[in-house]
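The sequence shown lines up with residues 11 to 380 when you count with our numbering.
Even for Gly, the Cβ is constructed at its ideal location relative to N, Cα and C.
Have a look at the structure below, then the notes.
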Amino acid sequence: MSALFSPIQLRGLALKNRIMVAPMCQYSALNGEANDWHFTHINNLALSGAAMFCIEATAVEAIGRITPGCLGLWNDACEAALKPVIASVRKHSKTAIAMQLAHAGRKASSHTPWDGGQLIPLADGGWQPEGPSAVPHKDGEATPRAFDEAGLARVRDAFAATARRAARLGLDALAVPCAHGYLLHQFLSPIANRRSDQYGGSLQNRMRFPLEVFEAVRAAFPADRPVGLRVSAIDWVEGGWDLPQTIEFARELKKRDIDWIDVSSGGVSPLQKIALGPGYQVPFAQAVREATGVTTMAVGLITEPKQAEEIVASGKADMVALARGMLYDPRWGWHAAAELGGQVDVPPQYWRSQPSTQKALFGTTTFGTR
Ligand SMILES: Cc1cc2nc3c(=O)[nH]c(=O)nc-3n(C[C@H](O)[C@H](O)[C@H](O)COP(=O)(O)O)c2cc1C
11 MSALFSPIQL RGLALKNRIM VAPMCQYSAL NGEANDWHFT HINNLALSGA
61 AMFCIEATAV EAIGRITPGC LGLWNDACEA ALKPVIASVR KHSKTAIAMQ
111 LAHAGRKASS HTPWDGGQLI PLADGGWQPE GPSAVPHKDG EATPRAFDEA
161 GLARVRDAFA ATARRAARLG LDALAVPCAH GYLLHQFLSP IANRRSDQYG
211 GSLQNRMRFP LEVFEAVRAA FPADRPVGLR VSAIDWVEGG WDLPQTIEFA
261 RELKKRDIDW IDVSSGGVSP LQKIALGPGY QVPFAQAVRE ATGVTTMAVG
311 LITEPKQAEE IVASGKADMV ALARGMLYDP RWGWHAAAEL GGQVDVPPQY
361 WRSQPSTQKA LFGTTTFGTR
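Below, the structure is given as structure tokens:
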């Protein structure tokens, strides 16, 4: 009996296994609107065998995009563009669909990674980023504008409005982004947050805005559908955000009925020194789970079925999320199920691919011809 292929319940959402396709920016939208690339990409990975697919970081307002190509859901055009993508997934796949909401804060107005990823100056078609403080991500870069109270209210409302649009699109779950150096992580981390008002300074103050946003999203999304959150557990920089603070943050989120915490790390400073290796962030997920009992997802260099199985079976995390491994092998879930004795939902068009040695892999299937 595979632990990875055992069911889990997130609020009203029943998942058949513990695998999520992690959110992955495609930098391929125009004006935030999904197009043929998103249609193909999302439909492809919706057949991975993972019980949940998380749509990439989706900006809640245009200036919150990392790059000009980032996906958005801030207006009717964005909502209409996603509609046929979701409809197609629903037609052909049983995967649950989550979406990661997004605001890049001071890391907005960047080139796509394949164009170098650097800040786009205003003169070259960039836009003015806003962040917790007037402190650039990288020394020497143009300074972001610090949010005033009205700006914070605008962003909070934008998160809630996007959550309502996501609910209308029929999405099953939402993930609030507090990782990788984007806006809400910038509030948490003393490296990016130098405010002297109620949103800066003490841990309680630095957590305030991310918690307000979480509450706003939770309130805007139907009560039976789960809302989780991705956090960077540590900044990998001396004096930055760290694991004890993450655990305090997780305790606050638990009080607000969070449905899962997906534990990543890094992204707030170019000075970070990351100790990379297989499953390198799993101990952070384990620490959060042990300290708080919140449902956790482990992510980061989880590539092998047996590795994922061990993480879940040993109680280090409740679920795993895979990103690059899924791009490399978009049927990763099928292959993991074959290796671990699990079962996956596969559309009938593909049933004939079931290996002769794996009679139960796709469940009960029948196929006749004459
Ligand atoms: C192409 C690509 C795009 C990504 N976009 C996002 C994103 O939209 N939001 C996010 O939180 N992380 C993003 N990530 C990070 C992944 O979700 C994941 O945390 C990271 O790649 C580590 O997992 P992996 O080793 O399985 O790839 C992205 C990663 C890749 C490779």
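- Given a length threshold of 4 residues, each whole run of the alpha helix (DSSP H) inside the region 29-108 is given here in chain order: 46-55 and 86-102.
- Taking all protein chains in view, the Cβ of P123 is surrounded by fewer than 16 other Cβ atoms within 10 Å, so the residue is classified as exposed.
- For ligand 1, a non-hydrogen atom lies closer than 7 angstroms to the CB of C35.
- Fewer than three Cβ pairs drawn from the region 35-46 and the region 148-160 lie within less than 8 angstroms of each other, which leaves the two stretches out of contact.
- Taking C-beta atoms as the reference points, A243 and Q291 count as a pair closer than 8 angstroms.
- Counted as a single uninterrupted DSSP element, the alpha helix (DSSP H) harbouring M336 occupies residues R334 to Y338.
- For S16, the CB stays at least 7 angstroms from every heavy atom of ligand 1.
- With a contact defined as Cβ atoms closer than 8 angstroms, R266 and R228 qualify at about 7 angstroms.
- Looking at the DSSP output, Q110 bridges to A185.
- The way I'd put it, the region 117-136 doesn't touch the region 166-175; fewer than three beta-carbon pairs between them come closer than 8 angstroms.
- For V298, the enclosing alpha helix (DSSP H) stretches over residues V292 to T302.
- Contact between the region 189-201 and the region 23-38 is not established, with fewer than three Cβ pairs separated by less than 8 angstroms.
- In the three-state scheme derived from DSSP, where H, G and I count as helix and E and B as strand, L25 is classed as strand.
- When secondary structure is reduced to three states using DSSP, S363 falls in the helix class.
- Between A90 and W251, the alpha-carbon positions lie close to 38 angstroms from each other.
- If the five residues before and after T77 are omitted, its C-beta is found closer than 7 angstroms to the C-beta atoms of Y37, S120, H121 and T122, all from its own chain and listed in chain order.
- In this structure, A67 lies away from T105, with their beta-carbon atoms at least 8 angstroms apart.
- Residue Q353 holds the alpha-carbon nearest to the alpha-carbon of F372 among V223, G115, V237 and Q353.
- Assignment of I18 by DSSP, reduced to helix, strand and coil, places it in the strand class.
- Here G141 carries a strand assignment [DSSP, helix/strand/coil].
- Looking only at V278, T50, G150 and S206, the smallest Cα-Cα distance to V99 is reached by T50.
- Shown here for I284: same chain residues with a beta carbon closer than 6 angstroms to its own, the five before and five after excluded, namely W246 and G276 in chain order.
- Here V227 carries a helix assignment [DSSP, helix/strand/coil].
- Pairing S58 with L350 gives a Cβ-Cβ distance that is not under 8 angstroms.
- For A87, the number of other beta carbons within 10 angstroms of its own is below 16, and it is reported as exposed.
- For E66, the shortest C-beta to heavy atom distance toward ligand 1 is below 7 angstroms.
- For V309, the distance from the CB to the nearest heavy atom of ligand 1 is below 7 angstroms.
- In the displayed model, T306 falls within a strand according to three-state DSSP.
- For D234 and G22, the gap between their C-alpha atoms comes out near 5 angstroms.
- When the Cα atoms are used, P139 and E71 turn out to be separated by approximately 12 angstroms.
- Beta-bridge annotation (DSSP): V237 is paired with L184.
- G335 and G141 have their C-alpha atoms spaced approximately 32 angstroms apart.
- Taking 7 angstroms as the cut-off, the C-beta of R240 counts as close to a heavy atom of ligand 1.
- Going by C-alpha positions, D269 is about 11 angstroms away from A260.
- The three-state secondary structure of M217, taken from DSSP, is helix.
- Linking R116 to H147 through their CA atoms gives a straight-line distance of about 7 angstroms.
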